[in-house]
Amino acid sequence: MKEKEIERLTKLKKIENDLYKNDPNLKYICGIDEAGRGPLAGPVVVASVIMPKDSMIEWVNDSKKVSEKRREQLYEIIIKEAIAYGIGIVDENIIDEINILNATKKGLTDSLKDLKVRPDLIMVDALKGIDTLQIPYMSIVKGDAKCYSISVASILAKVTRDRIMRRYDKIYPEYGFEKHKGYGTSAHIAKIKEIGPCPIHRNTFIKNFI
Numbered sequence: 416m417k418e419k420e421i422e423r424l425t426k427l428k429k430i431e432n433d434l435y436k437n438d439p440n441l442k443y444i445c446g447i448d449e450a451g452r453g454p455l456a457g458p459v460v461v462a463s464v465i466m467p468k469d470s471m472i473e474w475v476n477d478s479k480k481v482s483e484k485r486r487e488q489l490y491e492i493i494i495k496e497a498i499a500y501g502i503g504i505v506d507e508n509i510i511d512e513i514n515i516l517n518a519t520k521k522g523l524t525d526s527l528k529d530l531k532v533r534p535d536l537i538m539v540d541a542l543k544g545i546d547t548l549q550i551p552y553m554s555i556v557k558g559d560a561k562c563y564s565i566s567v568a569s570i571l572a573k574v575t576r577d578r579i580m581r582r583y584d585k586i587y588p589e590y591g592f593e594k595h596k597g598y599g600t601s602a603h604i605a606k607i608k609e610i611g612p613c614p615i616h617r618n619t620f621i622k623n624f625i
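The working numbering applies: residue 416 is where the sequence shown begins, and numbers increase by one.
Structural data, given as structure tokens:
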């Protein structure tokens, strides 16, 4: 690994490293992030992940700053190295029923329930007022770009959701989910206006287009 990349990752891990250093009883920090709050179709996916203290995977970053091909590669490395990881998936019907913020919070709790190891501390990207199963948490604004564990979680969430949307593309090929993953691109909106929604569209998100 190049010196510049080591330097970047060391900076990305500063929050966790400081926490471990200041609390000798702290064993497991869990990073949590979501993918899919903004799209017009498909689920919101939340990932929880506990990485080893000394984990330093090359190219880990906020998933939005990593190419799709590299995210797929990193996903495989992360799940092999992780002490534990959990995924929460909340579909479009529940999003329409309880709104996207509450759906994201539900996905977070579900992802924690999916963990095989109980963390001592949770680090989450921006969310507050969440059910963390009585585990202490820190809410960090733009945490996916500031905290290694949250960056790792952002990659797991994004890849999981992208894979779901690629499968949906085979069921509903006319919408182009493979390309835009359900986000509100001009082509996607035009297709909704042309042929109407399909079962995985979020009705509360597309009401202005139909």
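We put the CB at the ideal spot given by N, CA and C, even for glycine.
With distances taken between CB atoms, is the gap from Val567 to Ser482 smaller than 9 Å?
Going by C-beta atoms, Val567 is not nearer than 9 Å to Ser482.
Within the same chain, show all residues whose beta-carbon is closer than 7 Å to that of Glu487, passing over the 5 residues directly before and after it, in chain order.
Closer than 7 Å at the Cβ level, and outside the excluded window around Glu487, lie Val574.
Report yes if the C-beta distance between Glu496 and Pro534 is below 9 Å; otherwise report no.
The answer is no: Cβ separation not under 9 Å.
Please list the terminal residues of the continuous beta strand (DSSP E) segment that includes Ser463.
Where Ser463 is concerned, the enclosing beta strand (DSSP E) stretches over Val459 to Ile465.
So Gly522 is in the alpha helix (DSSP H); what residue range does that whole segment cover?
Here the alpha helix (DSSP H) through Gly522 covers Ile515 to Lys528.
Just verifying my parser: in three-state terms, what is the DSSP assignment at Gly558?
Note: Gly558 maps to helix in three-state DSSP.
Is the separation between the beta-carbon of Leu536 and that of Ile444 shorter than 9 Å?
Cβ distance < 9 Å, so Leu536 and Ile444 count as in contact.
If I measure Cβ to Cβ from Ile515 and keep anything under 7 Å in the same chain, skipping five residues before and after, which residues do I get?
The answer, listed in chain order, is Arg452 and Val459.
Just to confirm, are Ile493 and Leu571 a CB contact at a threshold of 9 Å?
It is a contact, given that the beta carbons lie within the stated cut-off.
What do you reckon, are the CB atoms on Val539 and Tyr552 nearer than 9 Å?
Result yes, Cβ atoms of Val539 and Tyr552 sit closer than 9 Å.
Could you check what DSSP says for Ala541 in three-state terms: helix, strand or coil?
Looking at Ala541 - three-state DSSP - the assignment turns out to be coil, as it is neither helix nor strand.
For Phe624, which residues in the same chain have their Cβ closer than 7 Å to its Cβ, ignoring the five residues on either side in sequence?
Cβ neighbours of Phe624 beyond the five flanking positions: Ile604, Ile607 and Lys608.
Confirm the yes/no value for this check: CB of Ile570, any heavy atom of the ligand HEM, distance under 8 Å.
Absence of the ligand HEM from the depicted structure is noted, as is the absence of any ligand whatsoever, leaving it without description.
Could you give the residue range of the beta strand (DSSP E) that holds Ile494?
Unbroken run through Ile494 is the alpha helix (DSSP H), Glu483 to Glu496; no beta strand (DSSP E).
Could you have a look at Met580 and say whether DSSP puts it in helix, strand or coil?
Residue state, collapsed to three classes: helix.
In terms of residues, what are the limits of the beta strand (DSSP E) holding Tyr500?
Looking at the DSSP string, the run of the beta strand (DSSP E) that includes Tyr500 is Ala499 to Val505.
Taking the alpha carbon of Val505 as the point to measure from, which residue in Asp546, Ala450, Asp438 and Leu489 has its own alpha carbon closest?
Minimum Cα distance to Val505 is reached at Ala450.
Give the C-beta separation of Cys562 and Ile421 to the nearest angstrom, bearing in mind that I take them to be a contact with Cβ-Cβ under 8 Å.
Actually they do not touch by this definition, with Cβ atoms about 17 Å apart.
Under 9 Å between the Cβ atoms of Leu527 and Ser463?
In contact: Leu527 and Ser463 (Cβ atoms closer than 9 Å).
Look at the alpha carbon of Gly503 and the alpha carbon of Glu418, and state the distance between them as a whole number of angstroms.
Those two C-alpha atoms are separated by around 36 Å.
Using DSSP with H/G/I as helix, E/B as strand and the rest coil, what is Glu418?
It is helical.
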